[in-house]
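**Student:**
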Amino acid sequence: MIEILNPAELERARGAGALVADILQTLTSRSTVGTNLLDIDRWAQEMIVRAGAQSCYVDYAPSFGRGPFGHYICTAVNDAVLHGLPHDYALADGDLLTLDLAVIHDGIAADSAISVIVGESRPAESVAMIDATERALSAGIAAAGPGARIGDVSHAIGSVLSEAGYPINTEFGGHGIGSTMHQDPHVSNTGRPGRGYRLRPGLLLALEPWVMADTAELVTDADGWTLRSATGCRTAHSEHTIAITDDGAEILTLRQPIA
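In full-length UniProt numbering, the protein residues as written are 1 to 259.
(1) Can you tell me whether residue 287 is buried or exposed, with buried defined as 16 or more other CB within 10 angstroms of its CB?
(2) Between A51 and V20, what straight-line distance do the alpha-carbon atoms span, to the nearest angstrom?
(3) Could you say if the stretch 192-199 and the stretch 152-159 meet the contact criterion of at least three C-beta pairs nearer than 8 Å?
(4) Residues in the same chain with beta-carbon distance under 6 Å from N169, minus the five sequence neighbours each way, listed in chain order, please.
(5) One question on the structure: do I244 and A144 come within less than 8 Å of each other, judged by their Cβ atoms?
(6) May I have the straight-line CA-CA distance separating Q256 from T220, to the nearest angstrom?
(7) Considering Cα atoms alone, identify which of A92, H83, S63 is closest to N36.
(8) Could you tell me which of G140, V211, P201, L161 sits nearest to V187, measuring between CA atoms?
(9) Helix, strand or coil, according to DSSP, for D39 in the structure here?
(10) If you count every other CB in all the chains shown that lies within 10 Å of the CB of I2, and 16 or more means buried, which is it?
(11) Since S229 is in the beta strand (DSSP E), which residue starts that stretch and which ends it?
(12) Which residue or residues does DSSP assign as beta-bridge partners of F212?
(13) How do the stretch 96-107 and the stretch 70-84 stand: do at least 3 beta-carbon pairs fall below 8 Å, yes or no?
(14) Could you please give the first and the last residue of the uninterrupted alpha helix (DSSP H) stretch that includes H155?
(15) Which runs of the alpha helix (DSSP H) spanning at least 4 residues fall entirely within the stretch 67-134, listed in chain order?
(16) Whole angstroms is fine: what's the gap from Y197's alpha carbon to H175's?
(17) Enumerate in chain order the residues of its own chain whose CB-to-CB distance from N6 is below 7 Å, with the five nearest sequence positions on each side excluded.
(18) Can you name, in chain order, every residue of its own chain whose Cβ lies under 6 Å from the Cβ of S121, other than the five neighbours on each side?
(19) Against chain C, does P123 count as a neighbour if the rule is that its beta carbon must be under 8 Å from one of theirs?
(20) When the distance is taken between beta carbons, is M181 closer than 8 Å to D111?
(21) Could you tell me the alpha carbon to alpha carbon distance between A132 and V160, rounded to whole angstroms?
(22) Quick one: residues in its chain with C-beta nearer than 6 Å to the C-beta of Y89, no 5 flanking neighbours on either side, listed in chain order?
(23) Determine whether the beta carbon atoms of L252 and T235 lie at a separation below 8 Å.
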């Protein structure tokens with residue numbers, strides 16, 4: 001299913017995106033050395049409930065997971081990259097933490113992810129990986145606009161990731177989003193320009209470049225959810241929900257700089 005939002009629905013999508021951005025900003029600032037992943041999940045629950053929103057994850061039970069997910073946010077650390085199931089783990093200095101959050105507010109879903117380094121350490125490999133996913137995300141957003149095709153967006157993302165030297169996994173990528181979290185079209189993190197669905201004003205997309213340092217192969221944890229790099233290398237993941245408008249692409253989950 002591909003949904004095209006009308007102006008009233010788009011305004012509600014802006015509210016959902018702002019909420020996701022605010023929650024992620026708050027959780028990022030609270031995620032310091034010693035913070036437990038279960039506390040992050042609890043804080044996410046409190047903020048979602050307080051806002052009158054609904055989690056997209058608690059009852060999430062796709063065919064590839066051991067569902068339902070049962071938590072309010074994905075917390076992936078170091079070699080974990082997608083669907084990180086919160087568990088009893090205290091963050092350490094230098095950990096690479098990815099927070100991935102999706103909620104429905106006023107009937108519209110928004111989805112965003114951010115990777116950060118915890119504490120004072122700044123491992124060069126982790127810094128480079130985060131930077132590459134953020135640059136790829138920016139390139140994908142720049143390529144998205146009315147009349148562009150999904151392949152144009154995928155090609156823009158993949159070009160940045162490939163030039164940075166990272167293998168690209170095509171099992172999981174971006175997606176359409178609207179009244180539900182996951183919709184068509186699929187947005188691979190690499191592709192051929194000029195191919196695929198033509199973008200229209202009112203379409204929402206969640207773009208999410210992610211990489212693993214030296215492999216494109218994933219393995220699944222015993223928890224049935226957390227996806228890790230097959231080699232144990234570090235990973236990074238960046239995501240925004242955007243709206244296609246008459247003028248281009250509007251980022252709905254843009255976080256405000258911390259003063």
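Ideal Cβ positions, reconstructed from N, Cα and C, are used throughout, including at glycine.
**Tutor:** A quick look at the data gives this:
(1) Here the chain covers residues 1 to 259 and nothing more, so residue 287 does not appear.
(2) 10 Å
(3) The stretch 192-199 and the stretch 152-159 touch, with no fewer than 3 CB-CB distances between them shorter than 8 Å.
(4) A216
(5) yes
(6) 34 Å
(7) In terms of CA proximity to N36, A92 leads the group A92, H83, S63.
(8) G140
(9) helix
(10) Flag for I2 reads exposed.
(11) 227-229
(12) Before going further, note that residue 212 is Met rather than Phe in the sequence given. Under DSSP, the beta-bridge partners assigned to M212 are T235.
(13) yes
(14) Run containing H155: 150-163, per the alpha helix (DSSP H) assignment.
(15) none
(16) C-alpha separation (whole angstroms): 12 Å.
(17) The residues G202, in chain order, have a CB closer than 7 Å to that of N6 in the same chain once the five nearest residues on each side in sequence are set aside.
(18) D93, G94
(19) Of the chains in the structure shown, none is chain C; there is only one protein chain.
(20) yes
(21) 7 Å
(22) Hits under 6 Å: L37.
(23) no
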